[in-house]
Structures are given as C-alpha cells and as structure tokens.
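Notes follow once the structure below has been shown.
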Amino acid sequence: MNEPEYEKLRSLLRAALPPIEARDPRRDLWPLMLRRLDRRPASAPWFDFVLTGVAAAALITFPRVIPWMLLQC
Amino acid sequence: MDLLQRFASGEVDAFEELFRTHQRDVYNWIVCLTRDPGVAEDLLLETFWRIFRAHARFDSRRSFGAWARRIATNLSMEHFRTAGREVNVSEAVLDAQPGPLNADSAERREARQAIRRAFAQLPSKLKAVALLALIEEKSYGDIASALGISLSTVKSREFRAVHLLRSKLKKVGIEP
C-alpha cells in the first residue's frame with residue numbers, strides 16, 4: 318500500500334470514527350473512588366462455620382438422632 | 002518522603018493527589034480506546050482501584066502515569082472482548098465533534114457504518130493500535146508503552162490492521 322492509499326484509508330477511518338477531543342470526566346469521580354476504597358471486604362462468616370461445626374459434632378456424638386431428623390424432613 | 006513513596010506506602014491522601022493529577026489523562030486515553038465517556042468513567046475507577054490495590058508493588062522510581070495508562074489499556078482491551086461487534090460512537094462523543102453530521106447523505110452514513118463494522122471486526126490487539134495510531138495520532142512511543150510492546154511491534158500491528166481493514170472494506174465495496 319502506497320502513501321496516498323494509506324492516507325485515504327486513514328481519512329475514511331477518521332470520518333467514520335472521529336478523533337476525540339481531550340476533555341475532563343463529566344463529574345468529579347473522586348467521591349466514587351473513595352466509596353470503593355471504603356468498601357470493606359465481606360467478613361468471613363465465622364458464625365456459620367461455628368454453627369456447622371457444632372452440628373457436625375452433635376451428629377457424630379449422637380448418631381441415633383440422624384434417622385429421627387430424617388423422619389422430620 | 003515524596004508523593005510516590007507515600008502512595009507506595011498506602012497513604013490515601015497521596016493516592017487522592019495522584020488520582021486528581023492523572024485522572025484527565027487516563028480518562029482521555031480510555032475514551033480514545035472505548036469511544037464512550039460512560040464506559041470510560043467506569044474503567045477509570047476500575048483502573049485506579051487496581052492501582053490502589055497494587056500500591057505496595059509500585060516502584061516509585063517508575064512513571065506513575067505510564068503505569069496507569071498501561072492498566073487502563075489492558076482494561077479497555079478486556080472491554081473490546083466483552084463489548085459488541087460494533088465500535089461504539091456514543092451520542093456524547095458525536096455531539097462534541099465539529100461539523101454537521103446530520104447533513105450527510107444516506108450513502109455516506111451507510112459507508113461510515115460499514116467502516117465502523119469492519120473496524121469492529123479487527124482483533125482487539127490490532128484494533129487498539131489502529132485506534133491510537135491511525136485515528137488518535139498518538140505517538141508510537143506512547144502506544145508501545147501503554148501496550149507493553151516494542152516500537153516495531155506497534156508498527157507491525159498498524160501495518161496488519163491497515164491491510165486487514167483494506168481487504169474488509171473492499172469486500173463491502175469501499176475502495177480506500
């Protein structure tokens with residue numbers, strides 16, 4: 318492709334996809350950024366783990382309750 | 002301790018100063034790639050969020066702006082892959098352009114749409130280089146730094162993009 322063809326393609330492209338003029342964001346984005354920074358990661362569900370552990374320990378200690386529990390379902 | 006060192010140690014005040022200093026440049030860089038101010042705002046926030054999360058890994062001897070652009074470029078290229086096949090030219094972008102776009106003939110508008118469709122079909126690596134080099138006329142050095150590639154790779158991607166576009170346009174009856 319020679320230079321004039323290259324330039325023609327470039328001008329076609331620039332007509333279809335006009336270059337963008339530099340500008341500022343439409344609003345102050347720092348408050349949104351700050352909100353993201355303040356967002357704490359979800360805490361570990363320790364209570365759920367403890368409850369599961371207690372239930373498992375109870376079933377191991379008293380296996381005879383398992384059929385009774387299944388009957389309740 | 003200078004600003005970059007304070008940022009690297011996790012100071013939010015230093016991060017705010019860097020955010021306010023670099024947001025315009027990074028925002029405009031993303032708009033050049035995505036051509037959508039709304040998407041650019043989201044990607045700008047994601048870029049700076051990733052920057053803050055990686056503050057401990059930042060080498061304060063390096064350029065913050067170049068690092069930010071690189072992250073923004075990677076996010077914009079991810080956006081290419083998830084966005085539709087059409088290169089978006091939002092109303093807000095068109096409104097900001099000089100010239101009576103509505104005065105165009107239907108034939109011209111169709112040709113422009115065909116060009117946008119052909120452009121959108123480019124592989125994302127070629128699309129990014131073509132947008133930055135051919136349309137936005139950014140320097141090869143800036144493009145290479147933002148994409149993390151060599152100057153010769155930028156030129157070769159531009160060359161490949163031009164040839165691919167030319168053949169796609171020929172198929173739809175547009176002879177560049």
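Sequence lines, in order, name chains C and V. Just so we're aligned, residue 318 is where the first sequence starts under this note's numbering, counting upward by one. Just so we're aligned, residue 2 is where the second sequence starts under this note's numbering, counting upward by one. Just so you know, even glycine gets a beta-carbon here, dropped at the ideal spot from N, CA and C. Owing to the predicted nature of the structure, the values given are computational and were not obtained by experimental measurement.
When only Cα atoms are considered, L5 (chain V) and F49 (chain V) end up about 14 angstroms apart.
Our two residues, A372 (chain C) and P384 (chain C), have alpha carbons roughly 15 angstroms apart in a direct line. With a threshold of 16 other beta carbon atoms within 10 Å, W363 (chain C) falls short and is exposed. A107 (chain V) and Q114 (chain V) have their alpha carbons spaced roughly 11 angstroms apart.
Contact between the segment 67-84 of chain V and the segment 34-50 of chain V is present, with at least three C-beta pairs closer than 8 angstroms. Q114 (chain V) carries a helical assignment under DSSP once its states are collapsed to helix, strand and coil. Using a Cβ distance threshold of 7 angstroms, V40 (chain V) and I337 (chain C) do not count as a contacting pair. When the five nearest sequence neighbours on each side are left out, the beta carbons in the same chain lying within less than 6 angstroms of the beta carbon of K139 (chain V) are those of L133, in order along the chain. Going by DSSP, N29 (chain V) is part of the alpha helix (DSSP H) stretching over V13 to T35. Neighbours of N75 (chain V) in chain C, taken as residues whose beta carbon is under 8 angstroms from its own, are absent, since the nearest beta carbon is some 19 angstroms off.
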